[in-house]
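In terms of this note's numbering, the sequence shown is residues 8 to 108.
Quick reminder that beta carbons are idealized off the backbone N, C-alpha and C, glycines included.
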Amino acid sequence: MKKSLLSLLLLSAFIALSSCDKSDDITGTYYNSYASSLIISELEGNTYLIKINNTPVTATKSKNILTGQIGACALILEFTEENEKVNLTACRSNGTYVRKK
8 MKKSLLSLLL LSAFIALSSC DKSDDITGTY YNSYASSLII SELEGNTYLI KINNTPVTAT
68 KSKNILTGQI GACALILEFT EENEKVNLTA CRSNGTYVRK K
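As structure tokens, this is what we get:
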């Protein structure tokens, strides 16, 4: 009885893990062509911590866009290509970052 219950629990866990959608995962390290880094970590819910060349910024996610504030400037990160690329707009700075594999 215990063995069959354990087997059932393991099977249920495997099915749950294999059905998780990773396409929504935006966390990780991204780089642009100048080797500048963009590190994204999830804080809680739809709130993320972004480090742009070690400058921390908090942002909120809505669909495939993160928005935040750097000083008086708006920060917009738009994810494309299954979250492997992100387009950054902040003040006069624009650029594309690619996820490090």
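Could you tell me the distance, in whole angstroms, from the CA atom of Glu51 to the CA atom of Ala66? 11 Å
Determine the burial state of Arg99: buried for a count of at least 16 other Cβ atoms within 10 Å of its Cβ, exposed for fewer. exposed
Cβ-based burial, Tyr104 [other Cβ within 10 Å; buried from 16]: buried
Excluding the 5 residues flanking Leu56 on each side, which residues of the same chain have their C-beta closer than 7 Å to its C-beta? Ser48, Leu50, Pro63, Thr65
DSSP beta-bridge partners for Cys80? Ile77
Mark Gly75 as exposed unless 16 or more other C-beta atoms lie within 10 angstroms of its C-beta, in which case mark it buried. buried
Residues of its chain near Ala97, where Cβ-Cβ distance is below 6 Å and the 5 sequence neighbours each way are ignored: Ile77, Cys80, Leu82
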